[in-house]
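Throughout the sequence shown, residue numbering follows numbering that gives the first Met the number 0, covering 0 to 319 in sequence.
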Amino acid sequence: MLAASSVSAVPCADGNWIFHSGETALFHFGVRSSEKGLEASWERPQHFESDEESVTKVRGPIVRRVARSARPVGGDLELTFDDPEPNSEPDVFRVHCEKDGTLTASYAAFRTDPLHLVRAPATKPILGPWDAARAYPTVTSRPTNAEMTAIFEADQKDRMTPSIDWAVVGAADRKRKARTQELLDSGALHSGDDFYHAAFLFQHGDGPNDYLKAHLLATIAAARGKPQAVWIAAATLDRYLQSIGKPQVLGTQFMVPNAGKTTQDPYDRTLISDALRQALHVPPLAEQEKQRQGYDDEAAAEAKVANDNHDAASKPASTE
C-alpha cells in the first residue's frame, strides 16, 4: 500500500523517479494519483550518511518506505516519510517540477542544493550497486553564470596587454569587484567555475579583506569540483598573511623591493612541509629558490641590455 492524500496530486510529479550520483542510482521515488488521492513511496539503501556535498557509507539492503503524507504545498509536492529509528525525525522532501520535465527535491537531511530526479525507465528501476567506502556527490553539475565568466575574462584580458596602464586597470578592477560582490550577495553564483572566477577578482583587490575573501571563494570552488582553485586558495592565503604583517607560509609570493634582489620574505619556510605544498599545487622549497634566482637572472639580463644600449647611445660618433 502507498500512503494516500485526499487532495489532488501535482500532475507533473506522477511517475517513477530516480536520483543518480553519476551512473549510480541511490534513491527511487514513486508518486501516483488515484481515485483515493495522492500516493508515494521511497526506496533507498538501509544506511547512508550525508554532508554538504556527498552521500557516504552507503550500505544495503534496499528498504522501501511508504509516505505518511503526500500533499501539494504552494505548487510543490511535500512527501513525509517516518524514520523507523527510535526518537528520529521524519524525512521530509519538498518536490518541485522543473521546466525540462525533471524534478528537484529539497531534503532537510542534505544541507546542499536540491536533489535532481529523472524519470525512471519503463522497466523496474535498479538501485546500486553501492560501495560503502565511496563518496557519492549529491550535486554532479551546477549552472555557471555567464556574466561572471565574462567579468573574469575581462580581468584576464586587461593583464595580457604588452604595456599595462595600471590606473585604467585599477579602476576597471574596482568596478568588476563591485559587480562580483553583487552576484555573490544575490546568490547568482553556483558552480566551481563561478567561485574560481570570483576568487581571481578579489585576489586583485585592495587589502586583507579582499584577499581573505578570495581565499574562501577559492576553497568553495575546489569543494565544488574545480581542482585548479587549490593553487589560488594557497596564493591568497599567503597574500592575506603578508597583507596583515605576517610571514607567508607556502611561498607563492615573490617581491622585488626597491629594485633589489627578488625575495619571498617574510616567509616561514618551516610551518608547511613540501608534501603539503605539493598537495596544494605549490612547488617545493628547492624549486622556489630556482624560481627566485631565475627572476634575478632575468632582471640582470634586462639591466645589461639597457646598459649596453645606453653606452652605445652615449658613445661619440666617429669622424673621418
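For glycine and all other residues, C-beta sits at the position ideal for the given N, C-alpha and C.
>> Which complete beta strand (DSSP E) runs does the segment 3 to 44 hold, if anything under 3 residues is left out?
In response: 14 to 20, 23 to 33
>> For the alpha helix (DSSP H) containing Leu116, name the first residue and the last one.
In response: Note, Leu116: premise wrong, no alpha helix (DSSP H); beta strand (DSSP E) at 114 to 118.
> Tell me which same chain residues have a C-beta within less than 8 Å of the C-beta of Asn144, skipping the five on either side of it?
Replying inline: Leu182, Ala187, Leu188, His189, Ser190, Asp193.
> Does DSSP put Gln247 in a helix, in a strand, or in coil?
Replying inline: strand
> Within this structure, are the beta carbons of Arg64 and Asp75 separated by less than 7 Å?
Replying inline: no
> Taking Phe26 as the reference, which of Ile61, Leu279, Pro10 has the closest Cα?
Replying inline: Comparing Cα positions, the closest option is Ile61.
> Just how far apart, CA to CA, sit Asp209 and Gln241?
Replying inline: Approximately 13 Å between the Cα atoms of the pair.
>> Quick test of your reading: Arg175 and Ala153, contact by CB under 8 Å. State the CB separation rounded to the nearest angstrom.
In response: 7 Å
>> Quick check on the DSSP output: what are the complete alpha helix (DSSP H) runs of length 4 or more inside the segment 228 to 308, in order along the chain?
In response: 228 to 242, 273 to 278
>> Quick check: the Cα distance between Ser4 and Pro136, rounded to an integer number of angstroms?
In response: Any reading at Ser4 needs caution, since the residue's pLDDT is 45, under 50, leaving its predicted position unreliable; the model's value is listed next. Approximately 32 Å between the Cα atoms of the pair.
> Between Glu286 and Glu84, what straight-line distance do the alpha-carbon atoms span, to the nearest angstrom?
Replying inline: Straight across, the Cα-Cα distance linking Glu286 with Glu84 is about 56 Å.
> Can you give the beta carbon distance from Thr122 to Leu114, rounded, assuming they're within the 8 Å contact cut?
Replying inline: Not quite, the Cβ-Cβ distance comes to about 22 Å (not below 8 Å), so this is no contact.
> Using the rule of at least 16 other Cβ atoms within 10 Å of the residue's Cβ for burial, across every protein chain shown, is Ser162 buried or exposed?
Replying inline: exposed
> What is the rounded straight-line gap between the Cα of Ala302 and the Cα of Arg291?
Replying inline: 17 Å
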